[in-house]
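Quick note on the working numbering: the sequence shown kicks off at 166 and runs consecutively.
Okay, so here's the structure we're looking at.
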Amino acid sequence: MGPLRRGLILSALLVLPASARAQDVCAKVRPDWDGAPVPAWEEAILLFGSPAALVLLFASALVLRFRSAWGALAVFVGWSLLVSAFTIYDPTGGQRIAAAAEGCIGSPALFVAIVMVIGVGLLLYTGRPKDDTPRA
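See the structure below:
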């Protein structure tokens, strides 16, 4: 029973600091977190509230207003970079992954889906040729 007990004690020592670290991560990443897991729609609202997403939403509205194909392409690339930054790139050194495991950061899947619908809509709307022929 010696090696089994020693293994259990060592695994307990490794698990306890990780849960304490995870609570510290959530306090840093989302200070107002209430302890409940964050659903996808709430995570989408939080991600759309970021300054970069607000700028891109404004740019998307301008592209729709002026119907610029090159503007739509630039905004689509901007949205792609933002989605990559939110999902792939982790400048916090693994804190985002630990916070997602703890539940204080939700899945960005809904945000990604909405952004892709916006991007495809922009490209389809601005890609159609304008009817500038004079009517006789």
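The beta-carbon is built from N, C-alpha and C at its ideal position, and this holds for glycine as well.
None of the values given here were measured: they were computed from a predicted structure.
Rounded to the nearest angstrom, the gap between the Cα atoms of R230 and F276 is 23 Å.
Contact annotation: T298 and V228 have beta-carbon atoms that are not nearer than 8 Å. If one requires a minimum length of 4 residues, the alpha helix (DSSP H) runs lying completely within the stretch 208–274 are 216–231, 234–252, 260–267, in chain order. By the criterion of a C-beta distance shorter than 7 Å, V280 is surrounded in its chain by W244, V248, once the five residues flanking it on both sides are discounted. With a cutoff of 8 Å on beta-carbon distance, L289 and F241 are scored as not near each other.
Spatial neighbours of P273 in its own chain (CB-CB distance under 7 Å, excluding positions within 5 residues in sequence) are listed in chain order as E208, L212, F251, T252. DSSP, reduced to helix, strand and coil, places T291 within a helical segment of the structure shown. In terms of CA proximity to V285, L238 leads the group W206, L238, P196.
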